[in-house]
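Asks:
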Amino acid sequence: MSERKLRSEVTVVLCVIYLLGCNGENYVTKDMAHLPDPPEVEIIGQTTNTITINITAPPLQTITKYQVRYCKFSYFIKGSSSSTIYTTPSNIVPGSAYRFYVASFVDGVKSANETNVTAYSVPFPPTRVKVVNQRTTEISLSVRPGAWNYEYFCVEFFKIPYPELMKNKCGKNGSMSLTGLLPGTLYNVSVFMRTHLLRSSKLRFDGMKIATVPSSPLNVKISGCTSSSINLTVTPGTGSYDGFKVTYFNTRDHENIAQMTYITTDISIAALDPGSEYNVSVITIANDLQSTESVYADHLAVTHKRSRSAIEETTPVNEALLDTSTSIGNVDIQDGPLRACYLKTCFNTSAIHIHRLPEVRINPVVLSVEDGGKVTLTCTITRYEDENDIEFIWTFNGFTNESTLSGVPVTTNETSVLQLVDLTLHNSGNYVCSVMVYNIKDTISLTSTSTIYVLSKDVKTCPNITDERGLEWPLTPVGTQLTLPCPNTFTGNVTRDCMQDGLWGKVNYINCVRTQINNALEQVIGIKDGLIHADEIHNVLQSIAEVTSATNETRLTSGDLSKTSLVLSELVDVIDDSQTSPNLTKNFVDIVDNMLSPVNRDTWIDVTKQSTSTDVSDIMDTVEKLGNIVGKNLSVASPIVVERSNIVVEIKRIQDNDIHSNLNTSTNDSYFQNQIALNLGSGTTGDVTYTAVLYSTIGKILPNNTNVLTGYPSEVLGLSIVHGYSSSRHLPSNISLTFDIEKLRSENNLTGNVNIKCVFWNFNKAAGPIGWSDIGCSWSSQRNACLCNHLTNFAVLMSPIQISNEIDIARLRIITLAGCSLSILSTAITMVVYALLWRYIKNDRSVLVLNMCVAVTAGYALFLGGLDRTDDNVLCTVVAALLHFFFLAIFCLMLADGIQLLRRTTVVMNVKSILKWLLLIGWGLPAIIVGITIGIKHDGGYHSKTYCWLTLTDGVLYSFVGPVLVIILVNVAVMILVLKALLTSQFIMTKSQKQKVVSAVRSVCVLLPVLGITWFFGILSINDDLIVFQYLFAATNSLQGFFIFLFHCVLSVPVRRAIEQKYRKSVSKSYQSQGTLTTRSSRNSTDNIIDESRQRGKKTSSPQPSQHTTKFLHLNQQYTINSPL
26 MSERKLRSEV TVVLCVIYLL GCNGENYVTK DMAHLPDPPE VEIIGQTTNT ITINITAPPL
86 QTITKYQVRY CKFSYFIKGS SSSTIYTTPS NIVPGSAYRF YVASFVDGVK SANETNVTAY
146 SVPFPPTRVK VVNQRTTEIS LSVRPGAWNY EYFCVEFFKI PYPELMKNKC GKNGSMSLTG
206 LLPGTLYNVS VFMRTHLLRS SKLRFDGMKI ATVPSSPLNV KISGCTSSSI NLTVTPGTGS
266 YDGFKVTYFN TRDHENIAQM TYITTDISIA ALDPGSEYNV SVITIANDLQ STESVYADHL
326 AVTHKRSRSA IEETTPVNEA LLDTSTSIGN VDIQDGPLRA CYLKTCFNTS AIHIHRLPEV
386 RINPVVLSVE DGGKVTLTCT ITRYEDENDI EFIWTFNGFT NESTLSGVPV TTNETSVLQL
446 VDLTLHNSGN YVCSVMVYNI KDTISLTSTS TIYVLSKDVK TCPNITDERG LEWPLTPVGT
506 QLTLPCPNTF TGNVTRDCMQ DGLWGKVNYI NCVRTQINNA LEQVIGIKDG LIHADEIHNV
566 LQSIAEVTSA TNETRLTSGD LSKTSLVLSE LVDVIDDSQT SPNLTKNFVD IVDNMLSPVN
626 RDTWIDVTKQ STSTDVSDIM DTVEKLGNIV GKNLSVASPI VVERSNIVVE IKRIQDNDIH
686 SNLNTSTNDS YFQNQIALNL GSGTTGDVTY TAVLYSTIGK ILPNNTNVLT GYPSEVLGLS
746 IVHGYSSSRH LPSNISLTFD IEKLRSENNL TGNVNIKCVF WNFNKAAGPI GWSDIGCSWS
806 SQRNACLCNH LTNFAVLMSP IQISNEIDIA RLRIITLAGC SLSILSTAIT MVVYALLWRY
866 IKNDRSVLVL NMCVAVTAGY ALFLGGLDRT DDNVLCTVVA ALLHFFFLAI FCLMLADGIQ
926 LLRRTTVVMN VKSILKWLLL IGWGLPAIIV GITIGIKHDG GYHSKTYCWL TLTDGVLYSF
986 VGPVLVIILV NVAVMILVLK ALLTSQFIMT KSQKQKVVSA VRSVCVLLPV LGITWFFGIL
1046 SINDDLIVFQ YLFAATNSLQ GFFIFLFHCV LSVPVRRAIE QKYRKSVSKS YQSQGTLTTR
1106 SSRNSTDNII DESRQRGKKT SSPQPSQHTT KFLHLNQQYT INSPL
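Start counting the sequence shown at 26; every next residue gets the next number (the numbering used here).
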């Protein structure tokens, strides 16, 4: 047999083995009669990412090995097992069908046939289930399926506690309606994904408790009346109910509406006015839900008139008002929540009895416990009067049956303890402690709620942490909004979201207010209603000033700032001319100064996000109103000027028409004075009172709701005239406003030319969006001041210079879009070519080129697709960070390429590869720089407001520009050294002067874009006057990927040689070239010049080569082994 024939037969055998999935293993072949039988296969285990099979040997045969192959969509994976149990690696796609092929082996002999069996992996559970709607007989759900594949999503549900009546329903879309349910009934609902009768694993969507809305009562009947009570009989509707909420009011007082809750159908409403008509309506309550419609009583209820002899009338006080700030006996009305009678005619104090309402507190308020754990809940009533009877009632998710509580409460006089043991997922929910207080006249119901989360071992949670205010947030399942009582000395609740990624969101303190501020608001409302004397205004201001003072150890919450702003706004409305004084103005300004302190800047941002009715701009409106009130009684000789750290207020009366005000804060040591100048002209008779205000910090806090006007805001100057010009009325001459421009420039690191825009704060929605507006304002470069034709609060917005010519902007956008698209296409083609020719061109330089292609492709694609995504702050931050990383990686890889190029042209002897260190520079250094930058700016200010790219604020952009400039300078040095090595080579030295110049220019054109040196155009393009460099910068750098394709692929000699070798091998398989095909193509790249110099050096070398010639002979030998591109 000839050698060629033997080689072809061996090739056929190897191909057959490869097609069978044997991967080149040598198996012994025998006659068909002696081949082992295939085994029996049984599916015994399925999870989301693994499948386990049991393999049984054929009868009467001893199997030494099994071959297992399985596939999904014709993608085969091979495994082997010497055991009868085989489990796939954890790479199975959840919810998918797999085909298994199992063969037997005996001493290397494979069975002729394979046993095949189909198995399915378990699908992922749903990621979200949302209750869309609850009706009396229907519950609508919205389901977000789990990842990967599934056939259906299914719902199992049953009426609690009857699991034997379970029903199920399946569907393929993301919505499901459960119909035919009973009203007011709690259902156990489980949602899961299904694939071929396999259901997803149990998670938090198994055993959910969802209730239907209770049905309205069939009728409400008045069964009897007394002088102070009404008796009702309620006929319930269909389904279940927990009780009834009764709403009633006296027909002579429609505003005083009362509500009570009862658990029986026979209801008695007590403590009513004798001889009065009452309108009564009833709704049904079940599982914390109430019926959608109220049912009114069959007729108006009329209480009996009380006999005059039954009451001893006391002497009335003539229409006197009850002062809620004073004490009656030993009880202070301000001391806590009160229950009292409000009378049109007040009687002697001995006839008024004031009772403090009891308080009910449960501990713990929120707790997470593992499946099978236990919890102790303690419910305590305080301020309890012994003459009243009380009753503790525990409910779980609306159920009062003790069998649903997983424990029996133990109750003493003022405390009830509920011990919950052996908790399961079904025990998660709200445990409500209700205390019924019974007295002679009526019944009071007080409640407190504790939320218990029972967690399975695999559920994802947010960790137990303590925030900066000392509030402890317990272990909580993801996707949950947790509500906790505010810390001590605060009223209200605080909320926080446990995000899907297992991290806590920002704490929402908008409803968390200090008790002193809450009391101050009640006092202001009392003054406004005439219940408290106006002299208390000074005390209110004094108390708020103490709370908001910078010496206060506890920082103000968003609720504190929002409520204080409301207090000041309400207070301005009740101040009259008789109460205005310099001290009142100073106290008022002190509070505003405290609120505008820089330490509260982030909290004001929270107010803007969390409140729909309040933001910091309300303060400017309130200060303007205060100035108008105080200025009414101001004399020319006694102006009021209050200078503080964050605000300056000047209220002044002048006799002429020329307003001129110089303002500077008390802490500003600059010689510069912010100025306001306005001449009202001859149309005004003089005697003008104005209020001038300087806000030094408010500009950085104000929310800007427009995308048109952007920039860094200056200090804010405000001017208003008492009974004069409004913000919408044009002035007889422009108002001139001078700001400290140099201070604004230095604070924001703005160098070179900048744009300055004069703006005012628009409060009027009818005139445009709330926020900064430039209508009626302009910047005067001659006077270096803003000129506006109306009054209000003004500022300047400063931003880096932008390209002002719209035609240039459009052209640069087109150049960038086209260049980046071409670069992405070019780098993709380069990667494909290198992959196909990798066998021939594999070396360190090629690895660097491929890494550079990946960085350019990812960076430019992200640049085109995500640069403008500023509407989502989180997404924009991610895009900016990735752009920062990939663009730095491009330059670091260029640095690595320059180092590799320098070593190749200057090092004579073969040295050890430093590829791993070069790749560490290329990818590791950018990761470190980006990580440090994000770590420093984790609280915001990483990207600009206009684009998802690094902001100039606080020098963030320099974390990119600094490393880039260093790399460019290093690569310039590399380029010089490479050119020196090329131009001093023996090949170049033999050429004419003209040829030397041409070679040098050609090399520079190649090295400039490849080493990133064209970014110098970007440095030269920062000025609008040098627009030509902006065009050069956009063109050269958007084509970075194209240059890589041109010089590393099209004009690369090694790539062309590899193509020739691959082509020649495909033409003749029997012939393999031993020599090197010489081409006389034009040499257009730096590597071609290096190669040409080396080849010519070999041809012209003498038998006794010099040291210089020996260097290039070795260099050529090294080049042949490691081709450069």
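Where is the CB? At the ideal position from N, CA and C, for every residue including glycine.
(1) Only counting the same chain, and skipping five residues up and downstream in sequence, which positions put a Cβ closer than 6 Å to that of Ser293?
(2) Please report how far the alpha carbon of Val667 lies from the alpha carbon of Asp598, in whole angstroms.
(3) Buried or exposed: Arg521, going by 16 or more other Cβ atoms within 10 Å of its Cβ?
(4) Identify whether Gln525 lies in helix, strand or coil by the three-state DSSP scheme.
(5) Is the CB of Phe178 under 8 Å away from at least one CB in chain D?
(6) Considering just the uninterrupted stretch of the beta strand (DSSP E) at Gly1152, what are its terminal residues?
(7) Pick helix, strand or coil for Met823, following the three-state DSSP scheme.
(8) Name the DSSP beta bridge partners of Leu744, please?
(9) Given Ser587, which residues of its chain have a CB within under 7 Å of its CB, disregarding the five upstream and five downstream residues?
(10) So, is Ala296 buried or exposed, given that buried needs 16 or more other C-beta atoms within 10 angstroms?
(11) Do Pro119 and Thr161 have their C-beta atoms within less than 8 Å of each other?
(12) Using DSSP's beta-bridge definition, name the partner residues of Val134.
(13) Output yes or no for whether 8 Å exceeds the beta carbon distance between Pro242 and Val320.
(14) Let me confirm a value: Met524 is counted as buried when at least 16 other C-beta atoms fall within 10 Å, else exposed. Which label applies?
(15) Roughly how many whole angstroms lie between the Cα atoms of Cys901 and Thr420?
(16) So if DSSP puts Trp948 in a beta bridge, which residue, or which two residues, is it bridged to?
(17) Report all residues from its chain with a CB closer than 7 Å to the CB of Val259; omit the five preceding and five following residues, and keep chain order.
(18) Phe178 lies in the beta strand (DSSP E); which residues open and close that run?
(19) Give the secondary structure of Ser240 by DSSP, where H, G and I count as helix, E and B as strand, and everything else as coil.
(20) Just the Cα atoms here: how many angstroms apart are Met1000 and Ser146?
(21) Under the DSSP definition of a beta bridge, which residues are partnered with Val216?
(22) When burial is assigned at 16 or more other CB atoms within 10 Å of the CB, is His909 buried or exposed?
(23) Could you check whether the segment 1073 to 1086 touches the segment 855 to 867, counting it as contact only if at least three pairs of C-beta atoms, one from each stretch, sit closer than 8 Å?
(24) Which residues in the same chain have their Cβ closer than 6 Å to the Cβ of Lys485, if we skip the five residues on either side of it in sequence?
(25) Around the Cβ of Glu675, are there at least 16 other Cβ atoms within 10 angstroms (buried) or fewer (exposed)?
(26) If you scan the segment 557 to 583 from start to end, which runs of the alpha helix (DSSP H) of 4 or more residues do you find wholly inside it?
(27) Give me the DSSP bridge partner(s) of Pro1.
(28) Spatial neighbours of Thr647 within its chain, please: CB distance less than 7 Å, with the 5 preceding and 5 following residues excluded, ordered by chain position.
(29) Using only the alpha-carbon positions, how far apart do Cys973 and Ile781 sit?
(30) To the nearest angstrom, report how far apart Thr763 and Ala883 are at their CA atoms.
(31) Could you compute how far the alpha carbon of Ala128 sits from the alpha carbon of Leu913?
(32) Please report how far the alpha carbon of His968 lies from the alpha carbon of Asp897, in whole angstroms.
(33) Apply the 10 Å Cβ neighbour rule to Trp797 and answer buried if 16 or more other Cβ atoms are within range, or exposed otherwise.
(34) Where does Leu586 sit, in a helix, a strand or coil, going by DSSP?
(35) Do the CB positions of Val747 and Asn658 come within less than 8 Å of each other?
(36) When the Cα atoms are used, what is the spatial distance from Glu139 to Phe230?
Replies: On the basis of the data shown:
(1) Ser254 and Asn256
(2) 21 Å
(3) buried
(4) coil
(5) Structure shown: chain D not included; a single protein chain is present.
(6) Since the first residue of the chain shown is 26 and the last is 1150, residue 1152 is not available in this structure.
(7) strand
(8) Ala717
(9) Ile535, Val632, Ser636 and Thr639
(10) exposed
(11) no
(12) Val131
(13) yes
(14) exposed
(15) 46 Å
(16) Per DSSP, none; premise fails for Trp948.
(17) Pro242, Val245, Phe269, Thr290, Ile292 and Val307
(18) Tyr177 to Lys184
(19) coil
(20) 58 Å
(21) Val180
(22) buried
(23) yes
(24) Val503 and Gly527
(25) buried
(26) 562 to 573
(27) What the structure shows of the chain is the stretch from 26 to 1150, and residue 1 is not part of that stretch, so it cannot be assessed.
(28) Leu593, Ser594 and Val597
(29) 23 Å
(30) 47 Å
(31) 53 Å
(32) 12 Å
(33) buried
(34) helix
(35) no
(36) 42 Å
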